[in-house]
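Colleague: Let me give you the structure first, and then I'll get to my questions.
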Amino acid sequence: MDSYNIAVIPGDGTGPEVAREGIKVLDALAERFGFKLQYAEFDFGGDRYLKTGEVLPDSAVSELKGFDAIYLGAIGHPEVKPGILEKGILLRLRFELDQYINLRPVKLYPGVDCPLKGKGPEHIDFVVVRENTEGLYAGAGGFLKKGTPDEVAVQESVNTRKGVERCVRYAFEYCKQRNRDNKLTLCGKTNVLTYAFDLWERTFNEVAKEYPGIRADYAHVDAIAMWFVKNPEWFDVIVTDNMFGDIITDLGAMIQGGMGIAAGGNINPEGVSMFEPIGGSAPRYTGKNVINPLAAICAGGMMLEHLGQREAADVLERAVMEVTGKHIRDLGAGRMGMSTSEAGDLVADYAQKL
Ligand code: IPM
Ligand code: MN
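FYI, in the numbering used here the residues of the sequence shown are 465 to 818.
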């Protein structure tokens with residue numbers, strides 16, 4: 465029997481509640497499809513930090529390397545200064561596990577309210593491949609004369625040929641495997657960021673030659689923001705740098721129905737990958753059993769696909785579509801018309817019988 469060891473980081477706020485529902489659905493699928501999931505829980509997050517002063521123990525990274533995948537609830541605590549947990553846990557794991565791809569599907573499921581007039585599921589189905597270890601996130605830069613009137617702050621975008629090329633290659637290959645519109649759009653800013661996106665564009669055009677079946681397309685990031693709203697149907701797969709990817713995927717999440725449904729994978733194709741709902745810890749709703757678990761459940765689906773359980777991943781997606789199509793229209797916390805655990809039960813139920 466196929467068996468997988470999963471590290472679970474429930475994390476902060478509503479993270480544990482949504483991760484619990486994700487695991488409920490994963491377990492239902494494991495039973496149905498005859499594979500085994502074994503979980504080990506790690507208590508990284510704000511509470512542990514406030515108690516011990518430690519964000520991530522040094523042993524964590526090497527320990528996590530021993531798992532088949534990592535399943536994350538959410539990171540972010542209202543009593544911890546912004547940046548400490550995000551950088552100390554989420555970004556550190558992305559960097560040290562070299563999860564160089566952040567894969568973020570943007571798909572409008574049936575029944576989900578979309579803020580775009582006249583757009584339905586047939587118009588919104590694309591995937592953003594975000595570079596996940598470089599760019600403005602590399603932490604390059606510093607202060608000069610900090611705290612004085614002459615203060616200077618510099619934050620540089622680091623783009624390596626190797627880092628850009630492996631991301632671009634992943635995107636072309638992903639687009640080919642997806643085999644939908646076979647169109648890959650590079651999202652950049654070649655008219656202003658004439659060093660960073662020159663490297664991106666040259667790399668993109670070179671790799672494109674190896675993929676004659678893929679239409680290589682380019683758009684500036686500001687135009688992409690406009691077209692996500694005006695013509696989302698133009699997109700199939702988009703590849704971009706870390707910062708632009710961060711921004712456009714929040715916009716993407718909104719057009720697919722909001723943070724209640726948006727999932728992502730931090731992927732190291734040669735190592736250990738980490739799957740998460742992208743919405744954050746929503747501390748306001750903690751412990752109320754009202755948060756929408758669908759994003760976490762969908763992240764679980766991405767994990768199954770990554771582990772090679774494609775059939776189970778397909779059923780999970782169809783189960784979510786049954787639930788959005790027939791039961792939950794408003795994906796907002798407290799507005800689902802059912803509790804977090806009821807939503808999880810419902811998906812698990814469909815996952816058993818579809
Ligand atoms: C995301 C988040 C993170 C990011 C934050 C929490 C560091 O916004 O996963 O998109 O900027 O990457
Ligand atoms: Mn973000």
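A virtual CB, placed ideally from N, CA and C, is assigned to each residue, including glycine.
Measure how close the beta-carbons of L554 and Y513 come, nearest whole angstrom, since I'm counting them as under 8 angstroms.
Modeller: Looking up residue 554 in the sequence shown gives position 90. Looking up residue 513 in the sequence shown gives position 49. 13 angstroms between Cβ atoms; not a contact.
Colleague: In angstroms with no decimal places, state the Cα-to-Cα distance between G772 and A492.
Modeller: Indexing the sequence shown from 1 puts residue 772 at position 308. Indexing the sequence shown from 1 puts residue 492 at position 28. Taking the straight line joining both Cα atoms gives about 17 angstroms.
Colleague: Note down the Cα distance separating R644 from G605, rounded to an integer number of angstroms.
Modeller: Residue mapping note: residue 644 aligns to position 180 of the sequence shown, counting from 1. Residue mapping note: residue 605 aligns to position 141 of the sequence shown, counting from 1. Cα to Cα, R644 sits roughly 41 angstroms from G605.
Colleague: Evaluate the contact criterion for the region 533–541 versus the region 473–492: three or more CB pairs, one atom per stretch, below 8 angstroms.
Modeller: yes
Colleague: Which residue comes first and which comes last in the alpha helix (DSSP H) that contains P613?
Modeller: For the purposes of this step, residue 613 is taken as residue 149 along the sequence shown, with counting starting at 1. Note, P613: premise wrong, no alpha helix (DSSP H); not H, not E.
Colleague: Taking just the CA atoms, how far does A680 sit from A689?
Modeller: Position 225 of the sequence shown holds residue 689. Position 216 of the sequence shown holds residue 680. Counting only the Cα atoms, A680 lies some 19 angstroms from A689.
Colleague: Do C651 and V701 have their C-beta atoms within less than 7 angstroms of each other?
Modeller: The residue given as residue 651 occupies position 187 in the sequence shown. The residue given as residue 701 occupies position 237 in the sequence shown. No; because the gap between Cβ atoms is not below 7 angstroms, this pair is not in contact.
Colleague: Given A833, which residues of its chain have a CB within under 7 angstroms of its CB, disregarding the five upstream and five downstream residues?
Modeller: The structure shown does not extend to residue 833, since the chain spans only 465 to 818, so no value can be given for it.
Colleague: Can D686 be considered in contact with the ligand IPM, in the sense that its beta carbon sits closer than 6 angstroms to one or more heavy atoms?
Modeller: Within the sequence shown, residue 686 is the residue found at index 222, counting from 1. The answer is no for D686.
Colleague: What span of residues does the beta strand (DSSP E) with T713 cover, start to end?
Modeller: For the purposes of this step, residue 713 is identified with residue 249 of the sequence shown, where counting begins at 1. Here T713 belongs to no beta strand (DSSP E); instead the alpha helix (DSSP H) covers N706 to I719.
Colleague: Fully enclosed by the region 510–534, which alpha helix (DSSP H) runs are 4 residues long or longer?
Modeller: 510–516 and 523–528
Colleague: List, from N- to C-terminal side, the beta strand (DSSP E) runs of 3 residues or more that fit wholly inside the region 466–495.
Modeller: Whole beta strand (DSSP E) segments, 3+ residues: 467–475.
Colleague: Would F692 pass as a contact of L663 if the rule is Cβ separation under 7 angstroms?
Modeller: As a first step, residue 692 must be located in the sequence shown, where it is residue number 228. As a first step, residue 663 must be located in the sequence shown, where it is residue number 199. Their beta carbons are not under 7 angstroms apart, which means F692 does not touch L663 by this criterion.
Colleague: Would you kindly work out how many angstroms separate the C-alpha atoms of V414 and T713, rounded to a whole number?
Modeller: A query on residue 414 cannot be resolved here, the shown segment of the chain reaching from 465 to 818 and no further.
Colleague: Under 6 angstroms from any heavy atom of the ligand MN, by CB: list those residues in chain order, please.
Modeller: Here the list is D710 and D714.
Colleague: Quick check: does the Cβ of E550 come within less than 6 angstroms of any heavy atom belonging to the ligand IPM?
Modeller: On the sequence shown, position 86 is the one that residue 550 refers to. Yes.
Colleague: For T597, count neighbouring C-beta atoms within 10 Å of its own C-beta (all shown protein chains included) and say buried if the count is 16 or more, exposed if not.
Modeller: For the purposes of this step, residue 597 is identified with residue 133 of the sequence shown, where counting begins at 1. Flag for T597 reads buried.
Colleague: Output needed for E560: all residues of its chain with C-beta closer than 6 angstroms, excluding positions within five of it in sequence on either side, in chain order.
Modeller: One-based indexing of the sequence shown puts residue 560 at position 96. Taken in chain order, the residues that qualify are V525.
Colleague: Considering just the uninterrupted stretch of the beta strand (DSSP E) at R571, what are its terminal residues?
Modeller: Sequence index remark: in the sequence shown, residue 571 carries index 107 (1-based). Sequence inspection shows Lys at residue 571; the Arg mentioned does not correspond to that position. Where K571 is concerned, the enclosing beta strand (DSSP E) stretches over I565 to K571.
Colleague: Taking C-alpha atoms, which residue in M766, A726 and H587 lies nearest to P757?
Modeller: Position 293 of the sequence shown, counted from the start, is the residue given in the question as residue 757. Ranking the options by Cα distance to P757, first place goes to A726.
Colleague: Tell me the DSSP secondary structure of E598 in three-state form.
Modeller: By 1-based counting over the sequence shown, the position of residue 598 is 134. Correct three-state label for E598: coil.
Colleague: Does the Cβ of S523 have 16 or more other Cβ atoms within 10 Å, making it buried, or fewer, making it exposed?
Modeller: Indexing the sequence shown from 1 puts residue 523 at position 59. Exposed, by the Cβ-count rule.
Colleague: Please report the distance separating the alpha-carbon of G801 from that of I792.
Modeller: Position 337 of the sequence shown, counted from the start, is the residue given in the question as residue 801. Position 328 of the sequence shown, counted from the start, is the residue given in the question as residue 792. Each residue's Cα considered, the two are about 7 angstroms apart.
Colleague: Go ahead and pull the three-state DSSP assignment for H770.
Modeller: Here residue 770 is taken as the residue at index 306 of the sequence shown, counted from 1. Helix.
Colleague: For N823, count neighbouring Cβ atoms within 10 angstroms of its own Cβ and tell me buried if that reaches 16, exposed if not.
Modeller: There is no way to answer for residue 823, as the model of the chain reaches only from 465 to 818.
Colleague: Exposed or buried, R625, counting other C-beta atoms within 10 Å across all chains shown (16 or more means buried)?
Modeller: Taking the first residue of the sequence shown as position 1, residue 625 is located at position 161. Burial call: exposed.
Colleague: How is G743 classed by DSSP in three states: helix, strand or coil?
Modeller: Here the question's residue 743 lines up with position 279 in the sequence shown. Coil at G743, not helix or strand.
Colleague: Is the beta carbon of I719 sitting closer than 7 angstroms to the one on P696?
Modeller: For the purposes of this step, residue 719 is taken as residue 255 along the sequence shown, with counting starting at 1. For the purposes of this step, residue 696 is taken as residue 232 along the sequence shown, with counting starting at 1. Cβ atoms of I719 and P696: closer than 7 angstroms.
Colleague: Once you ignore the five residues that flank E775 on each side, which residues in its own chain have a CB closer than 7 angstroms to its CB?
Modeller: Counting from one through the sequence shown, the residue named residue 775 turns up at place 311. Excluding positions up to five away in sequence, the list reads F497.
Colleague: Looking at C-alpha atoms only, which residue of E527, K529, M465 and E485 is the closest neighbour of L501?
Modeller: The residue you call residue 501 lines up with position 37 of the sequence shown. Ranking the options by Cα distance to L501, first place goes to M465.
Colleague: Out of curiosity, what's the CA-to-CA distance linking D686 and G729?
Modeller: Here residue 686 corresponds to residue number 222 of the sequence shown, with the count starting at 1. Here residue 729 corresponds to residue number 265 of the sequence shown, with the count starting at 1. In a straight line, the C-alpha of D686 is about 24 angstroms away from that of G729.
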